[in-house]
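Going line by line, the protein sequences match chains A and B. Sequential numbering of the first sequence, starting at 1, is according to the numbering used here. Sequential numbering of the second sequence, starting at 162, is according to the numbering used here. Backbone N, C-alpha and C fix where the C-beta goes; we use that ideal spot for every residue, glycine too. Shown next, in structure tokens, is the structure this report addresses.
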Amino acid sequence: MMEPIKDFARQLNSNISLDENLTVRRQNRFFLLNKTLKPLASKDFFHAGIYLGKEKDGVFFPSFNLLAMIADKKANKVTVDEKTEWLFICGRDVFKRGIIRVIGSMKKGSYTLILNSYSECLGFGKVLSDLHEAKEGAVVKNILDIGDFLRREKSSSKTHS
Amino acid sequence: MMSGREFFISRYQELGWKYEDVELKQAIRINSMNAEKASLLKRLESRGIKLEKIPFLEDGYWICKSEFSVGATSEYLLGLYSIQEAAAQVPATLFTELTDKTVLDACSAPGGKTVQLADLMKNTGVIIALDIEKRRLTALSNQLERCRVENTITYNLDARQASTVGVKFDRILLDVPCSGNFATDRDWFKRRTIPDVERNAKLQREILTQAAKVLKDDGEIVYSTCSLEPEENELNMDWAVKNLNVQVEEVRCHGEKARASIFGRHLDSSVENCRRIWPSRTQGFFVCKLKKVCA
Numbered sequence: 001m002m003e004p005i006k007d008f009a010r011q012l013n014s015n016i017s018l019d020e021n022l023t024v025r026r027q028n029r030f031f032l033l034n035k036t037l038k039p040l041a042s043k044d045f046f047h048a049g050i051y052l053g054k055e056k057d058g059v060f061f062p063s064f065n066l067l068a069m070i071a072d073k074k075a076n077k078v079t080v081d082e083k084t085e086w087l088f089i090c091g092r093d094v095f096k097r098g099i100i101r102v103i104g105s106m107k108k109g110s111y112t113l114i115l116n117s118y119s120e121c122l123g124f125g126k127v128l129s130d131l132h133e134a135k136e137g138a139v140v141k142n143i144l145d146i147g148d149f150l151r152r153e154k155s156s157s158k159t160h161s
Numbered sequence: 162m163m164s165g166r167e168f169f170i171s172r173y174q175e176l177g178w179k180y181e182d183v184e185l186k187q188a189i190r191i192n193s194m195n196a197e198k199a200s201l202l203k204r205l206e207s208r209g210i211k212l213e214k215i216p217f218l219e220d221g222y223w224i225c226k227s228e229f230s231v232g233a234t235s236e237y238l239l240g241l242y243s244i245q246e247a248a249a250q251v252p253a254t255l256f257t258e259l260t261d262k263t264v265l266d267a268c269s270a271p272g273g274k275t276v277q278l279a280d281l282m283k284n285t286g287v288i289i290a291l292d293i294e295k296r297r298l299t300a301l302s303n304q305l306e307r308c309r310v311e312n313t314i315t316y317n318l319d320a321r322q323a324s325t326v327g328v329k330f331d332r333i334l335l336d337v338p339c340s341g342n343f344a345t346d347r348d349w350f351k352r353r354t355i356p357d358v359e360r361n362a363k364l365q366r367e368i369l370t371q372a373a374k375v376l377k378d379d380g381e382i383v384y385s386t387c388s389l390e391p392e393e394n395e396l397n398m399d400w401a402v403k404n405l406n407v408q409v410e411e412v413r414c415h416g417e418k419a420r421a422s423i424f425g426r427h428l429d430s431s432v433e434n435c436r437r438i439w440p441s442r443t444q445g446f447f448v449c450k451l452k453k454v455c456a
């Protein structure tokens, strides 16, 4: 059951260990519970404990909670400046000039977390060209950023207006 | 006709409040489980956001000036603070000791108060959050994810069926569905009538009845509405005292003491322990705390 989560963490050059007994799958969504919540999850719940992400058509979509958990461990990480942070949460790619610090593999095709200067995880992306060789332009393609919370609100209000 | 602006305004006057136009101020609440207050305030200040401490709230601040939406900053999206109207921040603060408790948030979506409860509980214990509308639970889930709440389980359930969860609660928040008030709805006076208010009051009594059943003997219920109508507030509390084996506890919070004599009816004197928050810099609100009467 945990494989989609572990596979996702591996793409970021990280390992994550979650207690299998406390991880539950509800339809296509994964949650990490604590011991108090576990017995309550036998009923038909909507959300419980820490939301980890969902699987759709064989692809795993991580939650921001899971990204933050991975960010606390060894993983590929790119720290960006304030202007790039703002652009990234608006859905834009990361340009080389906005990068402050790089940890882990930055080879073309690898995945990396994007952090702000407070080491808070803003999302993740895919490296477009080897960072050490790239001169300018977009170097990390935005795959998911925390601005998604606003996009969800907007799409939900459109659906129900 | 028991509706219309003049009708409701004259009722408020009879309750001791002279109607005035209000201009609500947007407010935020710092999520102390995710943010260190002083450093967050500094970060927001560096973004040009001017804040004013709300005097009656520990973690609440009014937005005095901001050149952009405070709902679009990294700090908001990272769950370091929530946008929550000042009066709406009061109910969750009325509980005594929440750490490690089993808490019911009976009408929880969209989840501002659920997140506040989790914050006050420091993510300990458990919150069982119910809402009757499934689509509203999605909004609640987003809030829980954004604010990194870990101790909450949500069910798509009517508060009047809370006993089907099979749990007895130490604390119950009843922020019940209500008629609202004019401060947050410019068409309020046009839309609302007394039969509406009475329909809501009946639903509220049904929810109260269920809550009293699932409350532990030494438990507490905080009841709140954003309605200014006594049928949904003082009269319901008088009914609860007389029918549900509960008493109204004294609370210390923003607002004025409720009246135990309303429209010629004499209510249980403990109803005076409830608080009314008339619209001003905040919206209108009514809050009170109930405890079971032990034999």
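Check, Outcome
"Pull up the distance between the alpha-carbon of Glu197 (chain B) and that of Ile191 (chain B), whole angstroms please.", "9 Å"
"Anyone know if the C-beta pair for Gly49 (chain A) and Glu294 (chain B) falls short of 9 Å?", "no"
"Write down the C-beta distance between Val448 (chain B) and Pro252 (chain B) rounded to the nearest angstrom, noting that I regard them as a contact closer than 8 Å.", "5 Å"
"Return helix, strand or coil for Ala138 (chain A), following the three-state DSSP convention.", "strand"
"In terms of DSSP beta bridges, what is Tyr316 (chain B) paired with?", "B:Leu291"
"Any C-beta of chain B sitting closer than 9 Å to the C-beta of Ser161 (chain A)?", "Note that Ser161 (chain A) has pLDDT 39, beneath the 50 cutoff, so the model's placement of it is unreliable and the number below is only indicative. No, Ser161 (chain A) does not count as interfacial toward chain B."
"Using the Cα positions of Val80 (chain A) and Val383 (chain B), report the straight-line distance between them to the nearest angstrom.", "45 Å"
"The segment 39-69 of chain A: which residues have C-beta closer than 8 Å to a C-beta of chain B, in chain order?", "Leu40, Ala41, Lys43, Asp44, Phe45, Phe46, His47, Ala48, Gly49, Ile50, Tyr51, Ser63, Phe64, Asn65 and Ala68"
"According to a CB-to-CB cut-off of less than 8 Å, which residues of the segment 302-325 of chain B neighbour chain A?", "Ser302, Asn303, Leu305, Glu306, Arg307, Arg309, Glu311, Asn312, Thr313, Ile314, Thr315, Tyr316 and Asn317"
"Pull out every residue of the segment 223-242 of chain B whose Cβ sits closer than 8 Å to any Cβ of chain A, in chain order.", "Gly232, Ala233, Ser235, Leu238 and Leu239"
"On the CB-based measure, 16 or more other CB atoms within 10 Å of its CB, does His47 (chain A) come out buried or exposed?", "buried"
"Please confirm whether Glu181 (chain B) has its beta-carbon closer than 9 Å to some beta-carbon of chain A.", "no"
"Establish whether the CB of Thr380 (chain B) and some CB of chain A are separated by less than 9 Å.", "The question names Thr, but residue 380 (chain B) in the sequence shown is Gly. Answer no: the Cβ-Cβ gap between Gly380 (chain B) and chain A never drops below 9 Å."
"Measure the CB-CB distance between Glu401 (chain B) and Arg366 (chain B) and report whether it falls below 9 Å.", "Residue identity check: residue 401 (chain B) is Ala in the sequence provided, not Glu. In this structure, Arg366 (chain B) lies closer than 9 Å to Ala401 (chain B) by Cβ."
"So, does the CB of Arg152 (chain A) fall closer than 9 Å to a CB anywhere in chain B?", "yes"
"Grab me the residues of Pro62 (chain A)'s own chain with a C-beta within less than 6 Å of its C-beta, minus the 5 sequence neighbours each way, in chain order.", "Phe8 and Gly53"
"Where does Phe458 (chain B) fall in DSSP's three states?", "Since the first residue shown for chain B is 162 and the last is 456, residue 458 (chain B) is missing from the structure and cannot be characterised."
"Helix, strand or coil, according to DSSP, for His160 (chain A) in the structure here?", "Here the model assigns His160 (chain A) a pLDDT of 46, short of 50, so the residue's position is not dependable, and the following value carries that caveat. Looking at His160 (chain A) - three-state DSSP - the assignment turns out to be helix."
"Taking 9 Å as the CB-CB cut-off, is Asn15 (chain A) touching chain B?", "no"
"Could you please give the first and the last residue of the uninterrupted alpha helix (DSSP H) stretch that includes Ser275 (chain B)?", "Going by the sequence as given, residue 275 (chain B) is Thr instead of Ser. Element bounds for Thr275 (chain B): Gly273 to Leu281."
"Measuring CA to CA, which of A:Thr36, A:Arg26 and A:Gly58 is closest to Asp44 (chain A)?", "A:Arg26"
"Under 9 Å Cβ-Cβ, which residues of chain A neighbour Val337 (chain B)?", "The premise fails here: Val337 (chain B) is roughly 20 Å from chain A at the closest Cβ pair, so nothing lies under 9 Å."
"Using a cut-off of 7 Å between C-beta atoms, extract the partners of Asn116 (chain A) located in chain B.", "Ser235"
"Can you list, in chain order, the residues of the segment 288-299 of chain B whose Cβ is nearer than 9 Å to any Cβ on chain A?", "Ile289, Ala290, Asp292, Lys295, Arg296, Leu298 and Thr299"
"Hey, how far is the Cα of Tyr180 (chain B) from the Cα of Ile170 (chain B)?", "6 Å"
"Quick one: what's got a C-beta closer than 7 Å to Glu85 (chain A)'s C-beta in the same chain, skipping five residues either side?", "Asn116 and Leu122"
"Quick check on Ile143 (chain A) - is its C-beta less than 9 Å from some C-beta in chain B?", "no"
"Can you give the Cα-Cα distance for Val140 (chain A) and Asp266 (chain B), rounded to whole angstroms?", "42 Å"
"How about Val328 (chain B): is its C-beta nearer than 9 Å to some C-beta of chain A?", "yes"
"Whole angstroms are fine: how far does the CA of Gly416 (chain B) sit from the CA of Lys452 (chain B)?", "20 Å"
"In the DSSP assignment, find the unbroken alpha helix (DSSP H) run with Pro204 (chain B) in it and report its ends.", "Per the sequence presented here, residue 204 (chain B) reads as Arg, with Pro not at that position. Unbroken alpha helix (DSSP H) run through Arg204 (chain B): Lys198 to Ser207."
"I believe Lys107 (chain A) touches Ala134 (chain A) by the beta-carbon criterion, under 8 Å. Please report the beta-carbon distance rounded to the nearest angstrom.", "Their Cβ separation, rounded to whole angstroms, is 11 Å, which puts Lys107 (chain A) and Ala134 (chain A) out of contact at 8 Å."
"How would you call Ile288 (chain B), buried or exposed, if buried means at least 16 neighbouring beta carbons within 10 angstroms?", "buried"
"Exposed or buried, what is Ser324 (chain B) when buried is set at 16 or more other beta-carbons lying within 10 Å of its beta-carbon?", "exposed"
"With DSSP run on the structure shown, which of helix, strand or coil describes Glu352 (chain B)?", "According to the sequence displayed, residue 352 (chain B) carries Arg and not Glu. Of the three classes helix, strand and coil, the one that applies to Arg352 (chain B) here is helix, per DSSP."
"Could you tell me the boundaries of the beta strand (DSSP E) in which Pro62 (chain A) lies?", "Val59 to Pro62"
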